[in-house]
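In UniProt numbering, the protein residues as written are 1 to 255. Think of the CB as a built atom: it goes at the ideal place given N, C-alpha and C, for glycine as much as any other residue.
Dropping the structure here:
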């Protein structure tokens with residue numbers, strides 16, 4: 001069931017969104033050559049504790065994971081793109097790191113992701129990250145009352161195709177609010193004019209992610225981390241967005 005939020009509830013989600021954006025901004029600068037993923041996890045854990053917030057990932061146990069997830073941030077490196085389980089790994093020059101964070105503050109949730117290139121950036125990796133960011137912006141631009149979920153999906157797919165990237169539809173965006181995952185599902189490919197009609201009060205996590213040369217994925221031996229089937233590099237961008245009569249409001253945009 002889709003739950004529409006009041007302006008006051010959206011304002012409360014924005015509080016969570018601002019915290020998520022702040023932490024992701026901090027992680028962007030901390031993700032340097034030689035930094036261990038477990039140190040980044042420890043940092044996020046401490047920031048959440050200081051804020052009196054709640055991790056949406058801690059003890060998360062969906063059907064697709066080997067639950068419960070006992071970390072506070074998803075850290076996915078190179079061919080890993082989603083649900084990356086932090087492990088004992090020191091970042092290397094040129095690594096592509098996707099960071100996905102979902103946190104609840106006073107009962108309301110926000111979810112966002114960025115992809116960072118560590119140290120020296122290869123142009124092919126810059127292109128991949130840029131494609132996810134442009135796809136996210138394109139979907140947000142059409143997140144207007146009266147449009148449909150398919151308009152967002154088509155906008156994401158159009159950007160991916162323009163860059164020559166295939167699109168996986170097994171994992172995509174979703175509604176959120178009191179919990180991390182609510183209806184409706186937001187695929188990263190689809191037909192404009194189809195699907196659930198957008199209405200003021202709808203809050204969505206829109207999250208395009210692409211692998212460079214495949215739309216196929218597999219789950220790592222850790223039971224969580226999603227990787228590209230052919231080992232090609234990946235990228236992921238995500239914002240929490242509220243549909244309003246005045247247009248889309250990005251609740252997780254960095255200040």
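Contact check, residue i vs residue j, beta carbons under 7 Å
i	j	result
residue 113	residue 138	no
residue 53	residue 20	no
residue 153	residue 187	yes
residue 176	residue 205	yes
residue 200	residue 255	no
residue 215	residue 167	yes
residue 149	residue 202	no
residue 44	residue 81	no
residue 117	residue 96	yes
residue 169	residue 189	yes
residue 71	residue 41	yes
residue 165	residue 192	no
Cross-strand partners of residue i (DSSP beta bridge)
i	result
residue 36	90
residue 108	105
residue 218	227
residue 82	226
residue 113	100 and 238
residue 250	241
residue 54	104
Alpha carbon of residue i to alpha carbon of residue j, nearest angstrom
i	j	result
residue 145	residue 221	42 Å
residue 111	residue 140	15 Å
residue 26	residue 120	19 Å
residue 171	residue 83	11 Å
residue 24	residue 197	31 Å
residue 223	residue 217	13 Å
residue 234	residue 211	4 Å
residue 232	residue 30	25 Å
residue 10	residue 57	21 Å
residue 3	residue 86	32 Å
residue 122	residue 98	16 Å
residue 47	residue 163	37 Å
residue 159	residue 228	19 Å
residue 290	residue 135	Because the chain here runs from 1 to 255, residue 290 falls outside it and cannot be looked at.
residue 209	residue 67	23 Å
residue 60	residue 157	29 Å
residue 18	residue 101	12 Å
residue 12	residue 249	13 Å
residue 184	residue 194	13 Å
residue 93	residue 225	21 Å
residue 7	residue 33	42 Å
residue 64	residue 124	30 Å
residue 207	residue 253	14 Å
N-terminal and C-terminal residue of the beta strand (DSSP E) that residue i is part of
i	result
residue 226	226-228
residue 183	182-186
residue 21	Unbroken run through residue 21 is the alpha helix (DSSP H), 7-30; no beta strand (DSSP E).
residue 259	The structure shown does not extend to residue 259, since the chain spans only 1 to 255, so no value can be given for it.
residue 241	239-242
residue 77	74-77
residue 173	173-175
residue 234	234-236
Sequence-distant residues of the same chain with beta carbon closer than 7 Å to residue i, five excluded per side
i	result
residue 247	144
residue 179	109
residue 37	75, 86, 87 and 89
residue 182	3, 174, 175 and 176
residue 129	115, 117 and 235
Where the alpha helix (DSSP H) through residue i begins and ends
i	result
residue 123	123-141
residue 256	Not covered by the structure: residue 256. The range shown for the chain is 1 to 255.
residue 200	Premise fails: residue 200 is in no alpha helix (DSSP H) and is neither H nor E.
residue 153	149-163
Cutoff 6 Å; reference residue i; Cβ partners in own chain excluding five residues on either side
i	result
residue 35	91
Own chain partners of residue i with C-beta closer than 8 Å, once the 5 adjacent residues on each side are dropped
i	result
residue 15	105, 106 and 108
residue 142	151, 152 and 155
residue 133	237
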